[in-house]
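Novice: Using our numbering, you'd call the opening residue of the sequence shown number 20 and step up by one each time. Here it is: the structure, laid out below.
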Amino acid sequence: MKIILTGMMAWATGLVTVLAASYFLFEIPSMIDVSSFAVILFVSGSLLVALVYLPIFHWLRRNRDEEKILKFAPLIAVGMNAPVYIILYWITGNTCSLGEALLFLFGFVAFALVFGASYSKIYHNKFVS
């Protein structure tokens, strides 16, 4: 249950980051932009958590020093976004503009930082108590 809440919190942070960056860098986002970014970030973020973050964090916690992993979890999560960065590079120009790709990049970096920090906090509390 904590992992689901962590994922939802990371998604909300990513969405707020995308909307704030859109507001300050480009223009006021319309409702279509807001709903499109929300759906795309939710679906891709859910897949990212289920297929990349959780298996890699589980493997790292099991096979490596847990304290070091938990200290650097946010940075590790940003590094695990490499498939997202590659996909954004490929689709820029064909499917979306450079501005949209940058907004998604900001959103996924915020998503990874919040998920990594929250994951670290959850499992650090398990080890301490």
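All C-beta atoms in this analysis are idealised placements derived from N, C-alpha and C, irrespective of residue type, glycine included.
What is the DSSP secondary structure of residue 111, reduced to helix, strand or coil?
Specialist: Taking the first residue of the sequence shown as position 1, residue 111 is located at position 92. Three-state DSSP puts residue 111 in a strand.
Novice: Could you tell me the distance, in whole angstroms, from the CA atom of residue 147 to the CA atom of residue 23?
Specialist: One-based indexing of the sequence shown puts residue 147 at position 128. One-based indexing of the sequence shown puts residue 23 at position 4. Any reading at residue 147 must be qualified, since the residue scores a pLDDT of 48, below 50, and its modelled position is unreliable; the value itself is stated next. Each residue's Cα considered, the two are about 22 Å apart.
Novice: Give the C-beta separation of residue 107 and residue 124 to the nearest angstrom, bearing in mind that I take them to be a contact with Cβ-Cβ under 8 Å.
Specialist: Counting from one through the sequence shown, the residue named residue 107 turns up at place 88. Counting from one through the sequence shown, the residue named residue 124 turns up at place 105. Yes, they are in contact, since the Cβ atoms of residue 107 and residue 124 sit about 6 Å apart, within 8 Å.
Novice: How big is the Cα-Cα spacing for residue 63 and residue 57?
Specialist: Taking the sequence shown and counting its residues from 1, one reaches residue 63 at position 44. Taking the sequence shown and counting its residues from 1, one reaches residue 57 at position 38. Distance between the alpha carbons of residue 63 and residue 57 is about 10 Å.
Novice: Please report the distance separating the alpha-carbon of residue 33 from that of residue 92.
Specialist: Start at 1 with the first residue of the sequence shown, and residue 33 comes out as number 14. Start at 1 with the first residue of the sequence shown, and residue 92 comes out as number 73. Spanning the two alpha carbons is a distance of roughly 17 Å.
Novice: How about residue 96 and residue 131: do their beta carbons lie closer than 8 Å?
Specialist: Position 77 of the sequence shown, counted from the first residue, corresponds to residue 96. Position 112 of the sequence shown, counted from the first residue, corresponds to residue 131. It is a contact, given that the beta carbons lie within the stated cut-off.
Novice: Considering only the beta carbon of each residue, do residue 29 and residue 128 sit closer than 8 Å?
Specialist: The sequence position of residue 29 within the sequence shown is 10, counting from 1. The sequence position of residue 128 within the sequence shown is 109, counting from 1. Cβ distance not < 8 Å, so residue 29 and residue 128 don't count as in contact.
Novice: Rounded to whole angstroms, what is the Cα-Cα separation between residue 121 and residue 135?
Specialist: Position 102 of the sequence shown, counted from the start, is the residue given in the question as residue 121. Position 116 of the sequence shown, counted from the start, is the residue given in the question as residue 135. When rounded, the distance between both Cα atoms is 21 Å.
Novice: Please state whether the Cβ-Cβ distance between residue 73 and residue 103 is less than 8 Å.
Specialist: Reading the sequence shown from its first residue, position 54 is the one you call residue 73. Reading the sequence shown from its first residue, position 84 is the one you call residue 103. The answer is no: Cβ separation not under 8 Å.
Novice: Does residue 81 come out as helix, strand or coil in the three-state DSSP assignment?
Specialist: Translated into positions along the sequence shown, residue 81 becomes position 62. Residue 81: helix per DSSP, three-state reduction.
Novice: Rounding to the nearest angstrom, what Cα-Cα distance links residue 126 and residue 141 in this structure?
Specialist: Against the sequence shown, residue 126 aligns to sequence position 107. Against the sequence shown, residue 141 aligns to sequence position 122. Those two C-alpha atoms are separated by around 22 Å.
Novice: Can you grab the Cα-Cα spacing for the pair residue 109 / residue 100, in whole Å?
Specialist: Counted from its first residue, the sequence shown places residue 109 at position 90. Counted from its first residue, the sequence shown places residue 100 at position 81. About 15 Å.
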